[in-house]
Each structure stands twice: as structure tokens, then as C-alpha cells.
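Numbering (the numbering used here), first residue to last: 72 to 489. All residues carry an ideal CB built from backbone N, CA and C; glycine is no exception. What follows is a set of notes on a single structure, which appears directly below.
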Ligand code: UD1
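This is how it looks when you write it as C-alpha cells:
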């Protein structure tokens, strides 16, 4: 599948933000901690379908109501405790079933996630912390085999490096562990807090989610719930950038401004001032964009998941900007593709690139390499002169719900073809 975009159409209207993919995935994994869950505001994207297949493979019963963005998961009768490589290779977030299955059933096997396009992404910290909780874990022939004799034991844990899915895995393991678990240097991302809120609704005892230290008092059992997922802050940020570049007036609705603060601050520095409402933004094209330097950091810092999209904005800034990705220093595959459209970007090594602006972009054929890189290509195509064809849009569909439809509705000339 590919996307054909004819650039430079001015956008106007409203785009409604979908539920957060990175919240929905751990929420689905958390369903394994109880018998039944109804999740609302689920984005119907490929990663969610992959997680559905994985949980169905374990014996879970899942019904998806695509029209209403609902997923009901019933995990009363699991028949397997293994996440095979065919799922894990497609989506690294499959590792999220490790904590819940181990803590509830005492054993689990998950294929070891390999490298991926955005660089080596180890899970050593997930494993190390589960071991400290009493799990016996070995990695054999590329499979993580974890067991625990009775229950996992709460203890004091520390993440040497902030890890989002690492914190989530340990949090899910700790809610059914014996005694108190203290997670130090926990990730503070809104998706971690959303997971904690879901678990609390299920009956878990958690304090401190959204801060560096999360405390969990284990309980014996969790109960079924209904829960609505938060809006996607990365999708919000992506449309904010599109609006800053090519909108006459774009209303971006169903957002939580608190979650995109670092993105707004960088936009302000660049001379873009979206109008903020309680749950929406109004944004329009800025005549002049200033160069800004960006360094990705864990939340509340500037997200690595927005680096590629912001780079396109900076190709339109007057002067030189430096972007440094401290989380995934190899996450620059989009650079080669943006060069095809005429951008002036140089890789400096050590996770740094320099972007020189302002450059006119013009349509070309490009390849989507990973999820956020693909989003940056769509943004570039929307502002480029002429036609851009983006190949391999599978990556885009992993995480952006109805992207082409949403953009078409506000006047974008964008079509999906075989
Ligand atoms: C999550 C997000 C992803 C985002 C990333 C960083 C989901 C499903 N995915 O990925 O979109 O880009 O956070 O915000 O939520 N690390 C280790 N050892 C570990 C775990 C991580 O060294 O055991 C390192 C990683 O290589 C990376 C850093 O820690 O440099 C952060 O990675 P992490 O937060 O774990 O990313 P994910 O949770 O995989």
C-alpha cells in the first residue's frame, strides 16, 4: 500500500484526536490480570490488531467494535502462556504481556524482541527487575522463559535508565505481588499514569504514578472494569505541526494540553502560537518560523516520538537548527527520505543532525521506514510542491488512526492506493 499526496492544499476544519496507542497497548496487556475488561476510546490501528492476535493466541476472547472504538477482552480461560516470535517481531510492545502473565499464572515465555528500525531496544531492565522480585528467568534460543515459585515478592527496585514499557511491565507485575514494591526512577509518561489509573480502577493499590517513585501494595485479585483511554499526545503533536505549516485554521479537538506542553513550548520558540482551549487547540500557518534546537528527553521533556515530525517544521525555519535524540540516537531514517524531497539536513553523528532552512520541498517517491518517520514524510508531502508517493505505509497504519481520512476531511489531497 502507498499514499499519494499532492502538496500545498491549505487545510481548514476540525481533526479529532484518537485514543493513545501507547496507552491502549498496556491496557490490553493489563486485561490479562483479571477476567474481563471493556476498553473505550481505543484507536483501531495495526498495533492494536497485533496485540489482539497475540492475546487471542493465548486463548483470550476479544471482540472489537471498530465503529465505536471499543474492545472487550475476556481472559477467563487462557490456553497458552507463550508470546511467540511471530507477534513480538511485528511489535515490540508484545513484551508487555511478560509482567501480567508471570504475576498471575507464575510462568510465561516471550520471544526476545530483536533490534528494530529505530535502533537496539533491549529489555534487560524489565528482566533484571522481575528477577529482583523473585522470578527465575533464563533466555534460551531467543525466548525469555520466566517462572516464579509462589507469588512475586514486592521489593525496592530501580531503573538504571527511564523505560516506559519497563515501568509498565513492573507495575503490572507488582499489583498482584506479595507486599510492597517501590519503583525508583519510574517513567512519568502520561501513558504510565493512564495504566496506573486503570489498575487502580481494577482494585490495585498504587501511589505516585506520574512521579519518579511509584509505590504498589500487592493485592490477591483484581476485578473486571470499564475504562476509557486518554487521547494520543503524539497524534496531537503531529497535527499541531501540520497546522503550523499549512492550515488556514485547524481545530484539533479531544486533547489534553498538559500532555503536549513540551511540544507547545518548542512551537512557541519557533514562533508558532496555537490557541489553547480546555480540550482543543486552534492552529494556523505561521509566516515566519525560527530555528530551534531540540533534545529528546523522557516525559515531561520533548518526546523522541515527535522528533521526526518537528524536523520537517524546521526545514521551513530561517536558519540552522540542531536536533539531538538522546533516547534513540539512531532514529534518523527519515533524514535520507526528507533529502529526496529537497531538505537540507546533515547527520552529525552521536545522535545529532543539523537542519538548514528555509528550503522549498518538492514531491518525490519516498519510503516509510518506521512509524514516526512515516508521519514526518506525510507532513513534508503536504507542504511540498507537486506529488509525493509514500511507499510501505504499513508503518504509518501501526499507529495513526484514519490519517488519510482525517486529512482529506480538512482539505488535504491525500489518497491511499495499492
Ligand atoms: C516506549 C514507546 C515508544 C517511545 C519510547 C520512548 C510504547 C509501546 N512505546 O517504548 O513509542 O519511543 O517509549 O519514549 O509505549 N532501555 C534499555 N533497557 C531496557 C529498556 C529500555 O536500555 O530494558 C533503553 C532503550 O534502549 C532506550 C531507553 O531505554 O534508549 C528508553 O526506552 P523505553 O522507554 O523502554 O522505550 P519503549 O518502552 O520500548
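request  = Give me the Cα-Cα distance between residue 101 and residue 243, rounded to the nearest whole angstrom.
outcome  = 7 angstroms
Own chain partners of residue 296 with C-beta closer than 8 angstroms, once the 5 adjacent residues on each side are dropped: 105, 108, 109, 269, 272, 273
Report the three-state DSSP secondary structure of residue 415 (helix, strand or coil). strand
>> Here's the rule: buried if 16 or more other CB atoms are within 10 angstroms of the residue's CB, otherwise exposed. What is residue 396?
In response: Looking at its Cβ environment, which holds 16 or more other Cβ atoms inside 10 Å, residue 396 is buried.
Fill in: residue 404 versus residue 220: straight-line alpha-carbon distance, rounded
44 angstroms
Give me the Cα-Cα distance between residue 126 and residue 197, rounded to the nearest whole angstrom. 20 angstroms
Exercise. Output the distance between the C-alpha atoms of residue 430 and residue 386, rounded to the nearest integer angstrom.
Key: 6 angstroms
query = Which residues in the same chain have their Cβ closer than 6 angstroms to the Cβ of residue 77, if we skip the five residues on either side of it in sequence?
reply = For residue 77, same chain residues with a beta-carbon under 6 angstroms away, outside a window of 5 residues either side, are 458, 484 in chain order.
Exercise for review: Rank 333, 179, 170, 363 by C-alpha distance to the C-alpha of residue 370 and give the top, closest one.
Suggested key: Comparing Cα-Cα distances from residue 370 to each of 333, 179, 170, 363, the minimum goes to 333.
* To do: Indicate the three-state DSSP secondary structure (helix, strand or coil) for residue 230 in the structure shown.
  => coil
| task | Provide the residue span of the beta strand (DSSP E) that contains residue 139, from first to last. | result | Taken as a continuous stretch (DSSP letters only), residue 139 belongs to no beta strand (DSSP E), as it is neither H nor E.
query: How big is the Cα-Cα spacing for residue 288 and residue 173?
result: If I take the Cα positions, the gap works out to 17 angstroms.
For the candidate residues 276, 305, 327, 283, whose alpha-carbon lies nearest to that of residue 291?
276
- Alpha carbon of residue 344 to alpha carbon of residue 316, nearest angstrom: 12 angstroms
Margin query: Residues in the same chain with beta-carbon distance under 6 angstroms from residue 443, minus the five sequence neighbours each way, listed in chain order, please.
Written below: 376, 379.
* Pairwise C-alpha distance: residue 488 and residue 355 -> Distance between the alpha carbons of residue 355 and residue 488: 29 angstroms.
task = Could you tell me whether the Cβ atoms of residue 178 and residue 218 are closer together than 8 angstroms?
result = yes
| query | For the beta strand (DSSP E) that contains residue 427, what are its first and last residues? | reply | Where residue 427 is concerned, the enclosing beta strand (DSSP E) stretches over 423-428.
Rounded straight-line distance, which links the Cα of residue 453 to that of residue 412: 11 angstroms
Supposed close pair residue 167, residue 97 - CB separation, criterion 8 angstroms:
5 angstroms
Exercise. Output the distance between the C-alpha atoms of residue 474 and residue 247, rounded to the nearest integer angstrom.
Key: 38 angstroms
Once you ignore the five residues that flank residue 517 on each side, which residues in its own chain have a CB closer than 6 angstroms to its CB?
Past the boundaries of the shown model lies residue 517; the chain is included only from 72 to 489, so the question cannot be answered.
| task | Taking residue 170 as the reference, give the member of 118, 99, 294, 400 with the closest Cα. | result | 99
Subject >> Strand pairing of residue 81, partner residues [DSSP] >> reply: According to DSSP, which records beta bridges pairwise, residue 81 is partnered with nothing at all.
Can you find the residues in the same chain that come closer than 6 angstroms, C-beta to C-beta, to residue 153, ignoring five residues on each side of it along the sequence?
The beta carbon of residue 153 lies closer than 6 angstroms to those of 180 in the same chain, with the five residues before and after it left out.
Under 7 angstroms: does the beta carbon of residue 490 sit that close to some heavy atom of the ligand UD1?
Absent from the structure is residue 490, since the part of the chain shown begins at 72 and ends at 489.
(Q) Report the CB separation of residue 183 from residue 216 in whole angstroms; it is logged as a contact under 8 angstroms. (A) With 8 angstroms as the limit, residue 183 and residue 216 do not qualify as a contact, their Cβ atoms being about 10 angstroms apart.
Please report how far the alpha carbon of residue 48 lies from the alpha carbon of residue 422, in whole angstroms.
-> Shown here, the chain extends from 72 to 489; a query on residue 48 therefore has no answer.
Element boundaries [beta strand (DSSP E), containing residue 122]: No beta strand (DSSP E) contains residue 122, which is instead part of the alpha helix (DSSP H) from 117-128.
*Enumerate, from N- to C-terminal direction, the unbroken alpha helix (DSSP H) stretches of 4 or more residues contained entirely within the stretch 318-371.*
332-340
Whole-number beta carbon distance between residue 303 and residue 479, since they are thought to touch under 8 angstroms: Contact doesn't hold; Cβ gap of about 19 angstroms is too wide.
Exercise. May I ask whether a heavy atom of the ligand UD1 can be found less than 7 angstroms away from the beta carbon of residue 374?
Key: For the ligand UD1, at least one heavy atom lies less than 7 angstroms from the Cβ of residue 374.
| If you check the beta carbons only, do residue 394 and residue 424 fall under 8 angstroms apart? | yes
* Asked: How would you call residue 336, buried or exposed, if buried means at least 16 neighbouring beta carbons within 10 angstroms?
  -> exposed
- Task: Report whether the distance from the Cβ of residue 366 to the nearest heavy atom of the ligand UD1 is below 7 angstroms.
- Result: no
_Please classify residue 146 as buried or exposed, where buried requires at least 16 neighbouring CB atoms within 10 angstroms._
buried
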